[in-house]
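> There's a structure below that I have some questions on.
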Amino acid sequence: MTWTILILLLAIALFLFGGMLVKGDPKKQTMGFFICKKSIKLLSIIIIAACVTRLYVPYYLTSVNPGILQEMATNMQEQQQAEKNKAVRAYVRSNAAKMIADAPVLGNRDATKTIFVWTDFSCPYCRRVHGELDRVLKERDDVRVVIKNFSIHGPLSDGPARAAIAAKMQDADKAAAFVDMMMTREYYKPEDRNSEKIADIVEGNIMKFAKEAGLDTEKLKTDMKNEVVSREMANVRELAQRFEINGTPFLVIGEKAFPGAIPYDQIMNALGK
């Protein structure tokens, strides 16, 4: 800003006194003398205009009409989202079966409409969107929700994520009930977060849920180390990188991406009829 003002002052001085820099007899103005003076004035005018624009535009955008900045940001976000949706659409069309194969599925597993959700059992926003998705599933039998367990909170989410995937290896319906329990109930206390035994505390509690869901807990513990679970966890991370997912929840409804805990109405609108 300071440099712009200094250049503006110099440009004004050049406009007013620049003709004095041209050597020659003013009474005998040659064509070259005339062109040189005009060129100096033209250059100074261009510089003045550029400086005034540089000084005024930020003031206009921040003080006179700040809405333009918001509109520009919104348009940029929409453009970026459109590009992301294009990438998501291309991948999902070709790889939906692979994305579903090892993941827990809620709702009608043979449904015609699919929602993929990158979620974390320890994330409060994920729990909120789980409630919205549950409303959708209760009203529509043409929708299924594929749970992509994105383990991002260490022992708070890693054990539950592995257990959910391993549960599907036993029984898909019991796995769905198990997922719902982990999403709607607390499996650790706030004071346990910093405990050195937090992983054991979490596993002990989720195994109680698993038993209640009718799962074989000993088999579940063994299957949590299975290569199928590792493969699904790797698939989740790979897709998160591909779709530029930086947090949870993140939904893919049909062929469009929706970051964040979107509400029931938005989910229903994205699904269509």
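Residue numbers are given in our numbering: position 82 of the sequence shown equals residue 83, and the series is strictly consecutive. For each residue, glycine too, the CB sits at the ideal point set by N, CA and C.
Cβ of D121 within 9 angstroms of Cβ of P264?
Their beta carbons are not under 9 angstroms apart, which means D121 does not touch P264 by this criterion.
> Buried or exposed: which applies to P105, given that a residue is buried once 16 or more other Cβ atoms fall within 10 Å of its Cβ?
Answer is buried; the Cβ neighbour count reaches 16.
> Contact between the region 218 to 232 and the region 157 to 176 is defined here as three or more beta-carbon pairs at a separation below 8 angstroms; is this criterion met?
Yes, they touch.
> Going by C-alpha to C-alpha distance, which of A214, T185, S231, I46 sits closest to K149?
Nearest of A214, T185, S231, I46 to K149, Cα basis: S231.
> Taking the straight line between their C-alpha atoms, what separation do you get for R90 and K190?
Going from the Cα of R90 to the Cα of K190 covers about 40 angstroms.
> Just how far apart, CA to CA, sit I36 and A14?
Near 19 angstroms, if we compare the C-alpha coordinates of A14 and I36.
> When the Cα of R55 is compared with those of W4, K99, Y92, which residue comes out closest?
The shortest C-alpha separation from R55 is found at W4.
> Tell me the start and end of each unbroken alpha helix (DSSP H) in the region 83 to 143 that is at least 4 residues and wholly inside, in chain order.
With a minimum length of 4 residues, the continuous alpha helix (DSSP H) runs that stay inside the region 83 to 143 are 125 to 140.
> Who are the near neighbours of A164 in its chain, counting only those whose CB is closer than 7 angstroms to its CB and skipping five residues on each side?
Around A164: I207, A211, L221, M225.
> Can we count A271 as close to the ligand MN, meaning its CB is less than 8 angstroms from some heavy atom?
This structure lacks the ligand MN, and indeed carries no ligand of any kind.
> Give me the Cβ distance between L252 and F117, rounded to the nearest whole Å; I'm assuming they're in contact under 8 angstroms.
So it is a contact: roughly 7 angstroms between Cβ atoms.
> Within its chain, find whatever has a CB closer than 6 angstroms to the CB of R129; leave out the 5 residues flanking it on each side and keep chain order.
Around R129: A262.
> Which residue from V144, K139, N227, C127 puts its Cα closest to that of M184?
Checking every option, the nearest Cα to that of M184 belongs to C127.
> At which residues does the alpha helix (DSSP H) containing A167 begin and terminate?
Its alpha helix (DSSP H) spans residues 159 to 171.
> What ranges does the alpha helix (DSSP H) occupy inside the region 196 to 265, keeping only unbroken runs of at least 4 residues that lie completely in it?
Listed in chain order, they are 199 to 213, 218 to 224, 228 to 243.
> Please list, in chain order, all residues of the same chain as K114 whose beta carbon is under 6 angstroms from its beta carbon, the five residues on each side excluded.
D143, V144, L272.
> Measuring straight from C-alpha to C-alpha, what distance separates R94 and E239?
Cα-Cα distance, rounded: 17 angstroms.
> In this structure, does DSSP put I148 in helix, strand or coil?
The answer is strand: DSSP assigns I148 an E or B state.
> Could you tell me the distance, in whole angstroms, from the CA atom of G132 to the CA atom of A177?
Rounded to whole angstroms, G132 to A177 spans 14 angstroms at the Cα level.
> My output table needs one value for E187: the three-state DSSP class, helix, strand or coil.
Reduced to three states, the DSSP call for E187 is coil.
> Relative to the alpha-carbon of R194, which residue among L157, L17, V53 has its alpha-carbon at the smallest distance?
Among L157, L17, V53, the Cα nearest to that of R194 belongs to L157.
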